[in-house]
Amino acid sequence: MTLRRTKIVATLGPASTSPECIAALIDAGMDVARMNFSHGTPDEHRERARLVRELAADRGRHVALLGDLQGPKIRIARFSEGKTQLEVGDHFRLSTSHPLDEGNHDVVGIDYPQLVEDCRAGDELLLDDGRIVLRVDSVGRDEVRCTVTAGGTLSNHKGINRRGGGLSAAALTDKDRADIVLAAELNMEYVAVSFPRDASDMHLARKLLADSESQAWLIAKIERAEAVADQAALDGLIEASDGVMVARGDLGVEIGDAELVGIQKLIISRARAQNKVVITATQMMESMISSPLPTRAEVSDVANAALDYTDAVMLSAESAAGKYPIEAVQAMARVCIGAEKHPTSQQSGHRLHEKFERCDETVALAAMYAGNHFPGVTAVITLTETGHTPLIMSRIRSPLPIFALSPNAQTLGKVAMMRGVQSIFFNPAELNSSDVNHEAVNRLLQLGHVKAGDWVILTKGDVYNSRGGTNSMKLLHVGERLV
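Quick note on my numbering: the sequence shown kicks off at 304 and runs consecutively.
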């Protein structure tokens, strides 16, 4: 049985709302369902979340829910005719006082008054994901005067970035705060924060989640140039989060395409080094919005992210609004499995030259290194309450599947994001302590993941229903009576 190690995040939207489509996405390999709070109503998100929960349970699967906050996307307002054509050399103004629905060839409104404070003459503003470029000539009391250096058709509500970053909008808007409450209501496993500037934005989001009695893990979307200005800035943002997303759209606009690939690899590496999950996102199979097959370049993009040991790869418009949402997930799964046959390395030196900080971390790392070096080991089993032990295990490069057994539904959902980890419901509190090891291994035997004669490694704690309690590891021979 081939178990895909790289997980798939699929965004739900108009193209993937029906029960039939969501069921097919789960069957095709969707591990995490993303709700993009930039689109859709709360009731639409509630219905999609309900369907994911029900249809995954029907299939014995644990599919996580990821709520993606809209954040402070800075956009132009509207044109009186819906769009305008800008040519190189044209003069164009962005105005905080111009009527928001009366844009024309010379000026368009913007509802972000800080723009005039953030911009200086000589800055480059990038509109519509960098398709249109404006050079700032001067800044007035209520407008930014520009010259077009890369033209094209500009339509309503297109986004604005500044080359090199530096636009100062706060990361969490009033809408984001309301959506955090919605995420808590839906018991989402993950919440992604858009455009965080630094660790303080993540600390605020964590407080808002706690105030809503949510146990969701926080994902920092790395999409501002400031976040990758140096390693200290990046590490600080990662440390304040439970995971990160390489959000290549806005990040690529702000730092430039040429820098993006190297930065992507750096983010993946630093996230794994800090024991955090990492998602690689944006335009991974963009052509499949309208084509049933990915391009070779898209195949290489997904495969290289898998070879870099990202936890997950993500589909956005491909699954939310495209013609082929199911085929996109199938293609992504196929490419990941293919890439995983040719790993860049199966050897890991993670934390080998550092002091371990916790008992459960020590056991988790010892289990993976033992499994990598002891012939005959075919699986690692971890009994987990919070998901922390399998998270640590999944940072180690290894061909071994990790099976996270837990009675906690949200933990099983969180684990669904982790590279190489499979979720299985298992409640050791219902068993005699002498039967737990045997029944845990027997569960894998029944599911066909191991066979008689295999060796497995099992980790657990002495006390169940406790956090951070993993303190033991056993090497077990499948087929023998295990205690």
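Ideal Cβ positions, reconstructed from N, Cα and C, are used throughout, including at glycine. Computed from a predicted structure; not experimentally measured.
Residue 537 and residue 344 have their alpha carbons spaced roughly 33 Å apart. Straight across, the Cα-Cα distance linking residue 777 with residue 554 is about 45 Å.
Membership of residue 446 in the beta strand (DSSP E) is indicated by the continuous run 446-453. Among the bridge pairs identified by DSSP, residue 726 is matched with 707. The DSSP assignment places 463-465 as complete runs of the beta strand (DSSP E) inside the segment 461-487, in order along the chain (cut-off: 3 residues). Residue 365 places its beta carbon 8 Å or farther from that of residue 743.
Distance check between residue 341 and each of 351, 376 and 357 places 376 closest, using alpha-carbon atoms only. Fewer than three beta-carbon pairs drawn from the segment 447-458 and the segment 467-480 are found closer than 8 Å, and the two stretches are therefore not classed as touching. Selection 712, 722, 588 and 746 evaluated against residue 368 yields 712 as nearest (Cα-Cα).
Across the set 659, 429 and 550, the C-alpha of 429 shows the shortest separation from the C-alpha of residue 465. About 4 Å separates the Cβ atoms of residue 642 and residue 609, confirming a contact at the 8 Å cut-off. In this structure, DSSP gives residue 356 a helical state, which the three-state scheme calls helix. In terms of Cα proximity to residue 384, the closest of 734, 745 and 405 is 405. Residue 558: member of the alpha helix (DSSP H) spanning 551-558, first to last residue. If the five residues before and after residue 310 are omitted, its C-beta is found closer than 8 Å to the C-beta atoms of 334, 335, 614, 615, 616, 719, 720, 721 and 722, all from its own chain and listed in chain order. When beta bridges are read from the DSSP output, residue 763 appears opposite 775. Following the DSSP letters along the chain, one finds residue 635 inside the alpha helix (DSSP H) bounded by residues 628-643. Here residue 721 carries a coil assignment [DSSP, helix/strand/coil]. Cα atoms of residue 492 and residue 664: separation of roughly 22 Å, rounded to the nearest angstrom. Excluding five sequence positions before and after residue 338, the CB atoms of its chain that fall closer than 6 Å to its own CB belong to 348 and 370, given in chain order.
The alpha-carbon of residue 548 is positioned some 10 Å away from that of residue 574. For residue 510, the enclosing alpha helix (DSSP H) starts and ends at 502-514. According to the DSSP secondary-structure assignment, residue 339 is paired through a beta bridge with 371.
Every alpha helix (DSSP H) stretch that sits fully inside the segment 590-630 and reaches 4 residues is listed by chain position as 599-610 and 620-623. By alpha-carbon distance to residue 705, the top candidate from 747, 739 and 677 is 747.
Inclusion of residue 682 and residue 759 in the CB contact set at 8 Å is warranted, their separation being smaller than that value. DSSP links residue 427 through a beta bridge to 438.
When C-alpha distances from residue 408 are compared across 557, 427, 454 and 443, the shortest belongs to 454. Straight-line measurement puts the Cα of residue 420 at about 13 Å from the Cα of residue 414. Taken through DSSP and simplified to helix, strand or coil, residue 415 comes out as coil. Contact between residue 425 and residue 439 holds, with the beta-carbon distance rounding to 6 Å and staying under 8 Å.
In this structure, the CA atom of residue 467 is about 42 Å from the CA atom of residue 359. Note that the C-beta distance between residue 503 and residue 524 is not below 8 Å. Less than 8 Å separates the beta-carbon of residue 774 from that of residue 662.
Boundaries of the beta strand (DSSP E) harbouring residue 313: 310-315, taken from the DSSP string. Linking residue 782 to residue 761 through their CA atoms gives a straight-line distance of about 15 Å.
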